[in-house]
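Asks:
Protein chains: 4
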Amino acid sequence: MKRIAVLTSGGDAPGMNAAVRAVVRRGIACDMEVYGVYHGYAGLLDGQLALMNAGSVGDIIQRGGTILYTSRCDEFRTDAGQQKAIEQLKANEIEGLVVIGGDGSFRGAHKLTEKGFPTIGIPGTIDNDIPGTEMTLGFDTAVNTVIEAIDKIRDTATSHERTYVVEVMGRHRGDIALWAGLSGGAESILIPEIEHEMDEVIQRLMDGHRRGKKHSIIIVSEGVCSASVIGDQIKEATGFDTRVTVLGHVQRGGSPSAYDRMLGSRFGARAVDLLQKGEAGRMVGIQQNRIVAVTFDDVFNGVLKTDNEMYELSKSLSI
Amino acid sequence: MKRIAVLTSGGDAPGMNAAVRAVVRRGIACDMEVYGVYHGYAGLLDGQLALMNAGSVGDIIQRGGTILYTSRCDEFRTDAGQQKAIEQLKANEIEGLVVIGGDGSFRGAHKLTEKGFPTIGIPGTIDNDIPGTEMTLGFDTAVNTVIEAIDKIRDTATSHERTYVVEVMGRHRGDIALWAGLSGGAESILIPEIEHEMDEVIQRLMDGHRRGKKHSIIIVSEGVCSASVIGDQIKEATGFDTRVTVLGHVQRGGSPSAYDRMLGSRFGARAVDLLQKGEAGRMVGIQQNRIVAVTFDDVFNGVLKTDNEMYELSKSLSI
Amino acid sequence: MKRIAVLTSGGDAPGMNAAVRAVVRRGIACDMEVYGVYHGYAGLLDGQLALMNAGSVGDIIQRGGTILYTSRCDEFRTDAGQQKAIEQLKANEIEGLVVIGGDGSFRGAHKLTEKGFPTIGIPGTIDNDIPGTEMTLGFDTAVNTVIEAIDKIRDTATSHERTYVVEVMGRHRGDIALWAGLSGGAESILIPEIEHEMDEVIQRLMDGHRRGKKHSIIIVSEGVCSASVIGDQIKEATGFDTRVTVLGHVQRGGSPSAYDRMLGSRFGARAVDLLQKGEAGRMVGIQQNRIVAVTFDDVFNGVLKTDNEMYELSKSLSI
Amino acid sequence: MKRIAVLTSGGDAPGMNAAVRAVVRRGIACDMEVYGVYHGYAGLLDGQLALMNAGSVGDIIQRGGTILYTSRCDEFRTDAGQQKAIEQLKANEIEGLVVIGGDGSFRGAHKLTEKGFPTIGIPGTIDNDIPGTEMTLGFDTAVNTVIEAIDKIRDTATSHERTYVVEVMGRHRGDIALWAGLSGGAESILIPEIEHEMDEVIQRLMDGHRRGKKHSIIIVSEGVCSASVIGDQIKEATGFDTRVTVLGHVQRGGSPSAYDRMLGSRFGARAVDLLQKGEAGRMVGIQQNRIVAVTFDDVFNGVLKTDNEMYELSKSLSI
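Have a look at this one:
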């Protein structure tokens, strides 16, 4: 393979730039030419490609977001759109494509591969919601961003002896809530995968209060319900001074953590190696601390497991 | 004066601990005994006082919130409550009181002084909304917290080429919005003191877009209106992909900045010196980079000036 | 087991407090009484123990260092010292001990177990230099601290187009250098495990310079040699404006990362469970992303593997 | 004035980019063309100039270092060098120059103005060592960087009950040490402006130790002497476990604080306004919280005052 391209698609995630850098530089090290596609699939359809060199990706490993920009693209979901994408790639004599994004982005990549164009996926999303990898690129940074916010909120919660309900990202997957809640010392963690008993949440709050706890923090995944609903229920049941904070889009940004820079680098390099070896139609991932490649089919058919041990641990430690 | 007390009241602010530390240690250096009052005026009425030594305030200068806790107290607003407070203080042979808090807290302190008990106020609030001082304790940290959030949001705003509306604290005062907006490079800043023209905001957005701006950030003080209202107006007028984030209570917490640790230290030391010299009924403040003392009357009758120069500057720089 | 104790020993590491919290709270959840031993083995010999409750470890998960303090203790290395330690423990009716520390601390724990007193080790050190676990507690935080410093140095390196040599911790183990170097985008990484060719380092620098690199950063483990030696060699060979920075003890401190808070929590809980089940004489660890228990013998006889793949990756990406 | 240029010179400082952005955008708002000069005076002599537009300085307000690069230049110190610089400027029809840098950089600017070419200086240096301004651009960020490092060192100092000697920047000026020492809660602060008595430093350490202090931190300006000399003296006199850390070049970098972004913006805008009004040969500064303009002569003949009040305050608070 002599010429490949890389794009970022879907929601941005910290570490995407590290992955782009790795694709470009490993490609160059393998005597390839590497093109950057701007604005995801939409840009691919428009032919927004540029040849990159080692310097194009200099000084970006520490930057949040993605220098290639990202977008969502309806046209690409159609057969005609995918055909047009392949034509654009072939017109530029590009032989392989690395797609950095989430589940939806991989469905598009899968279609290209089915149509004969080799693609590799890199799981880049803060939600940690992709089967086939134990960690997605951006998740570690997002969790650290959330615990920094919790640490700040704890200052004011303690000073006022208040209860705070903090809503974090995660529509179908509670990993941000679970990790940030456990490492932020939250009293209760509400995630979409496990049904919660509001009575138990309130009982824990009242037990803590009786033992002299100066503050309480409840973490809620956006997929469970609005934090303000939980806040109202708590206020009504306990009478405690209760406040609600929705962390929002700060969770997506920021300079990536060491882990995410490392993971992006390893993912990007492996993606190039896979294209080189002709093993397309796969997503790179990390399992048991090793970089692996899983077929897109295994990704789409895979089932995410909830870490019950961690959930139980958080309960036993937040007494 | 041989025995004084210190309390924190109202909303907590980063740097309050630095001020408490300074009151305690300067008091000790002046051969005083210094008592900490827990939970603000409410705790004062309940007699929640404890003698503090140099070690009681060790290792707290870097901590957010207040180790003395804070609260709001309705009883203290009554004449009977104030009388009871003075009795508590006298029962403990305390001769002067330092109150760290905002405008409302000073009204209580003022009443005590009117009733013959010497008090000094230290302006501790993130809102920078107290006449008589150019900076309140906690404001610098809050602005830095906001720009860190804006820096993170900018990553994702750029990657998606989106418009973000960010709501920050400030019910009657737009200083957090103004400083953070100017130093965060916001396209428009909406504050309660200056009426905004939505047409102009939208025109600026569209001009920026035409010049190729990759993202736009609008900062709104909570006192103007809900950020989501502004977001909807922008979306409707421009069709741009627009998102809203309400920063919330993270703005109150966090380790204080160097400036706030310094300011708290200087305020606290000066408060003790004023009590020592018998100059009660005053608030310490900073004017033209010098620590000053202003009477409570001047605080209550003072008028906050809006920094129009800064407002205009932000406009001319965010093209 | 009805009564256990926990101590921290050797160099402090971020996350130790999370582990102490987990030992105490899991212990309480298992109906145990948990004692904290202050000042490591030295304090154990002096009988510096205190019963802890859930509140004793409240609000510490986010704190760097160790609330139990730590120390090095020569007396404990002797047979008499170890005997005395056991007597102190038995005098307090303590039946099991959790030791959080490094290799040297575990040798002491191992002796106690050999003498019949059950102990469990938790690997707490920033150096990631303990066989039997893929990650030590504190390592992730230290790497993040180092890359934040590198990010700052890069600003000034770029502005002046300079070469910087940065010395990081790691006497016998280069993992901090390797991870931070790779995730910080360093041009060359010098670690004790792999002999470096100074000619190659210089060649890479000059190649980068020729390609237009605005700055270069070389990371050196303290175990290789002093950074100033490397700096002098580079200056002489290239004539480049070269500066040296020794990061020093900032690498030990700071609020632990989410990963380290999580790891400390999991390690602490597992340590209690092992004591509960009567499986003493072991260190908890993480292997292939799962918490495991390995015998002290396996720790002492284990061999650390250098991650050559990561080393090679860093070379191919820093062109 | 229709065409101006801006350059950065000497050591880089956080906030320089905010100042460059302000010069460019205010210039554009005043219907000027603004050129960026790369690599300071050296680049000026080589004709390294480029026309900048509003977008050229987009997304830089939050970046450390300087996008224009900086350098030191011997040739420019000569009469011939200065003549050549003026010729380069005139050849590009540039009528005014803004120089962002320190004292040495202003001497060059002053020479240009004496030779008839209008210049304005902006004080950009972390050392806060320029007469005529109470704060230099970059100082606030540097102090915050230092206290973050002290906060980290305090964790490990407390855990081990050690004494730390921390060396910070400041060859002739102790402001970084003074501010960071006061806001970091240091036990003693040694600065070049005030002779220290080693006996007193040691006495304070021993007094603190007797009162039960868990750690001690001594801050030393590099201009006083090497921190290791102080460390050795302390070790010998007290026998305390004493460690030394030299913070080094991390102090120069990092994303600028809100204050420095604001100050850079205000300085930059004022610099353009002064050129516009024909008031050259001046440095902008901040005095009593107001932006002012002082003649270069007043800068060169000015005397820096040491803030003895702050020095005494730090002593009375660090008991």
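Residue numbers (the working numbering), protein chains in the order written: chain E, 8 to 326; chain B, 8 to 326; chain R, 8 to 326; chain S, 8 to 326.
All C-beta atoms in this analysis are idealised placements derived from N, C-alpha and C, irrespective of residue type, glycine included.
Keep in mind it's a predicted model, so treat the numbers as computed, not measured.
Classify H179 (chain E) as buried or exposed, calling it buried when 16 or more other Cβ atoms lie within 10 Å of its own Cβ.
Replies: Exposed: under 16 other Cβ atoms inside 10 Å.
Asks: Are the C-beta atoms of D147 (chain R) and some chain E residue less than 9 Å apart?
Replies: For D147 (chain R), the answer is yes, since a Cβ of chain E falls inside 9 Å of its Cβ.
Asks: For E168 (chain R), would you say it is in contact with chain S, using Cβ-to-Cβ distances shorter than 9 Å as the test?
Replies: Chain S, which has a Cβ nearer than 9 Å to the Cβ of E168 (chain R), makes this yes.
Asks: Output, in chain order, the set of chain S residues within a Cβ distance shorter than 9 Å of D158 (chain B).
Replies: Here the neighbours are Q69, S262.
Asks: Could you give the residue range of the beta strand (DSSP E) that holds A57 (chain S)?
Replies: Counting along the chain, the beta strand (DSSP E) containing A57 (chain S) begins and ends at 56-59.
Asks: Express the C-alpha separation of L58 (chain E) and Q258 (chain E) in angstroms, rounding to a whole number.
Replies: Cα to Cα, Q258 (chain E) sits roughly 31 Å from L58 (chain E).
Asks: Go ahead and pull the three-state DSSP assignment for L75 (chain B).
Replies: Note: L75 (chain B) maps to coil in three-state DSSP.
Asks: Determine, using beta carbons only, whether L254 (chain E) comes closer than 9 Å to chain B.
Replies: True, the Cβ-Cβ gap to chain B drops below 9 Å.
Asks: Confirm, please, whether the CB-CB distance from Y171 (chain B) to I225 (chain B) is below 9 Å.
Replies: Yes, they are a contact pair.
Asks: Is there at least one Cβ from chain B nearer than 9 Å to R218 (chain S)'s Cβ?
Replies: Closer than 9 Å: yes.
Asks: Which first and last residues belong to the beta strand (DSSP E) in which L104 (chain R) is found?
Replies: First-last of the beta strand (DSSP E) with L104 (chain R): 103-108.
Asks: Is any beta-carbon of chain B found at less than 9 Å from that of M269 (chain S)?
Replies: Closer than 9 Å to some Cβ of chain B, the Cβ of M269 (chain S) qualifies, so yes.
Asks: Using Cβ-Cβ distances below 8 Å, what residues of the region 32-59 of chain S are close to chain B?
Replies: Listed by position, the residues of the region 32-59 of chain S near chain B (Cβ gap below 8 Å) are R32, R33, I35, A36.
Asks: Mind checking which residues open and close the alpha helix (DSSP H) that includes L270 (chain B)?
Replies: Per DSSP, L270 (chain B) belongs to the alpha helix (DSSP H) from 265-283.
Asks: Can you give me the start and stop residues for the alpha helix (DSSP H) that A234 (chain B) sits inside?
Replies: 234-245 is the span of the alpha helix (DSSP H), which, as asked, contains A234 (chain B).
Asks: Buried or exposed: where does V31 (chain S) fall if 16 or more other Cβ atoms within 10 Å of its Cβ makes it buried?
Replies: Classification for V31 (chain S): buried.
Asks: Using 8 Å as the Cβ pair cut-off and three pairs as the minimum, do the region 236-250 of chain R and the region 290-310 of chain B touch?
Replies: They do not touch, by the three-pair rule.
Asks: Could you please give me the residues that DSSP links to S228 (chain B) through a beta bridge?
Replies: DSSP lists B:V175 as partners of S228 (chain B).
Asks: Can the beta-carbon of I183 (chain R) be found closer than 9 Å to that of V150 (chain R)?
Replies: Taking 9 Å as the Cβ cut-off, I183 (chain R) and V150 (chain R) qualify as a contacting pair.
Asks: Measuring CA to CA, which of R:S16, R:I298, R:G50 is closest to G111 (chain R)?
Replies: Here the closest residue by C-alpha is R:S16.
Asks: For chain R, find out if any of its Cβ atoms is closer than 9 Å to the Cβ of L144 (chain E); answer yes or no.
Replies: Not closer than 9 Å to any Cβ of chain R, the Cβ of L144 (chain E) fails to qualify, so no.
Asks: For the beta strand (DSSP E) containing M290 (chain B), name the first residue and the last one.
Replies: Run containing M290 (chain B): 289-294, per the beta strand (DSSP E) assignment.
Asks: If you count every other CB in all the chains shown that lies within 10 Å of the CB of E82 (chain B), and 16 or more means buried, which is it?
Replies: By the 10 Å Cβ count, E82 (chain B) comes out exposed.
Asks: From the DSSP secondary-structure annotation, give me the bridge partner or partners of V299 (chain B).
Replies: V299 (chain B) pairs with B:G292.
Asks: Starting from the N-terminal side, write out each stretch of the beta strand (DSSP E) that is 3 residues or longer and does not extend beyond the region 19-62 of chain R.
Replies: DSSP runs (the beta strand (DSSP E)) wholly in the region 19-62 of chain R: 40-44, 56-59.
Asks: Short of 7 Å in beta carbon distance, which residues of its chain neighbour M39 (chain R), apart from the five on each side in sequence? Order them along the chain.
Replies: Once the five neighbours on either side are set aside, the close Cβ partners of M39 (chain R) are M8, K9, R10, I11.
Asks: Is the shortest distance between the beta-carbon of M23 (chain S) and the beta-carbons of chain C less than 9 Å?
Replies: In the structure shown, chain C cannot be found, because the protein chains are E, B, R and S.
Asks: Tell me whether G123 (chain R) is buried or exposed, calling it buried when 16 or more other Cβ atoms sit within 10 Å of its Cβ.
Replies: Exposed.
Asks: Helix, strand or coil for L14 (chain E) per DSSP?
Replies: Note: L14 (chain E) maps to strand in three-state DSSP.
Asks: Name the chain B residues whose beta carbon is nearer than 9 Å to that of G111 (chain E)?
Replies: Neighbours of G111 (chain E) on chain B: none; closest Cβ ~15 Å, over 9 Å.
Asks: Can you find the residues in the same chain that come closer than 6 Å, C-beta to C-beta, to V208 (chain E), ignoring five residues on each side of it along the sequence?
Replies: Excluding sequence neighbours, V208 (chain E) sits near S195.
Asks: Any heavy atom of the ligand ATP closer than 8 Å to the Cβ of Y76 (chain B)?
Replies: The ligand ATP is not part of this structure, which contains no ligands at all.
Asks: With H, G and I counted as helix, E and B as strand and the rest as coil, what does DSSP make of G188 (chain B)?
Replies: Reduced to three states, the DSSP call for G188 (chain B) is helix.
Asks: Is G131 (chain E) helix, strand or coil by DSSP?
Replies: In the structure shown, G131 (chain E) sits in a strand (DSSP, three-state: E or B).
Asks: At what residues does the alpha helix (DSSP H) containing T249 (chain R) begin and finish?
Replies: Note, T249 (chain R): premise wrong, no alpha helix (DSSP H); beta strand (DSSP E) at 249-253.
Asks: Does K284 (chain R) have its Cβ less than 9 Å from a Cβ in chain E?
Replies: For K284 (chain R), the answer is no, since every Cβ of chain E falls outside 9 Å of its Cβ.
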